[in-house]
Amino acid sequence: MSIECHNAFILHRRPYRETSQLLDLFCQDVGKVSLIFKGGRSGTRMRRGTAQPFTLLQATYFGRGQLKTVKSLEAKTQVVPLVGNRLYMAMYVNELLYRLLQAETACDGLFNTYQDTLISIARDECPQTALRNFELTLLETLGYGVNFEQDIYSGELLERGFEYQYQQQAGFFAKQAIHNKQHIYTGEQIQALSERDFSNPEVLLAAKRFCRQALAHLLGGKPLHSRALFSGAK
């Protein structure tokens, strides 16, 4: 029996049969993995508090199919302290990963970014900045990063003092006479997005709008449950 051991976080969990759980883990070396956690809802294991989201775990599991079996889950850290809107933000991050990551596909660097994002959401005065950084990193990791430097049609450099339209899965181009205002960004905002400089509140709002538009196609129009829990936190 081959046993694998990884640093991991829980992205999603749900009941399975009488005492077990189905878990989706985000593992440092292999990406998203689905497992059966036998007895995960039983009194002994629940009291241990091992299978908690937002806790760095050491997970060992075995199996050859798409659905593996948990051998052990051990907490390596305390649960990241998240309450109120900050908890909903972290749930939003988890749902993005659960929905968008392919099974057992390694994501170089994204695991560390995720861990840093949880800590920033819990501690930073402006956690929205951490969310925007995470969303942009996720897009790049999935292969949907945007060119913030050039017009996608003319090839000319984007300039401050001009306005541009955003086209999903493509990039920015010079504003046309007929346009959707929600897809218009100034050269200054695009440059700040490229540099991930969200110190200007208007740029932070523009970054939120851009990330929602960029992620919308990947999510297939299916709403995120975490967004329904609160408004205005992202």
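Just so you know, we're using full-length UniProt numbering here: the sequence shown kicks off at 1 and counts up by one. We put the CB at the ideal spot given by N, CA and C, even for glycine.
- Separation of R99 and Y61 (C-alpha to C-alpha, rounded to the nearest whole angstrom) is 22 angstroms.
- Residue state for S199 is assigned as coil, using DSSP reduced to three classes.
- Under the 8 angstroms Cβ criterion, the region 135 to 142 counts as touching the region 110 to 122, having at least three qualifying pairs.
- Around the beta-carbon of Y92, 16 or more other beta-carbon atoms lie within 10 Å, marking it buried.
- Contact check for A59 and L73: beta-carbon distance about 5 angstroms, within the 8 angstroms limit, so the pair qualifies.
- Relative to E104, the option among R64, K222, V33 whose CA is nearest is V33.
- Burial state of Y185 is buried, judged by a 10 Å Cβ sphere holding 16 or more other Cβ atoms.
- Exclusion of the five residues before and after H225 leaves E95 as the residues of its chain whose Cβ lies within less than 8 angstroms of its Cβ.
- In this structure F26 is not in contact with V70, their Cβ atoms being roughly 15 angstroms apart against a cut-off of 8 angstroms.
- For N7, the uninterrupted beta strand (DSSP E) run begins and ends at 3 to 16, by DSSP.
- Look at the beta carbons and you see the region 156 to 163 touching the region 184 to 203: at least three pairs across the two are nearer than 8 angstroms.
- The alpha-carbon of A177 is positioned some 28 angstroms away from that of N200.
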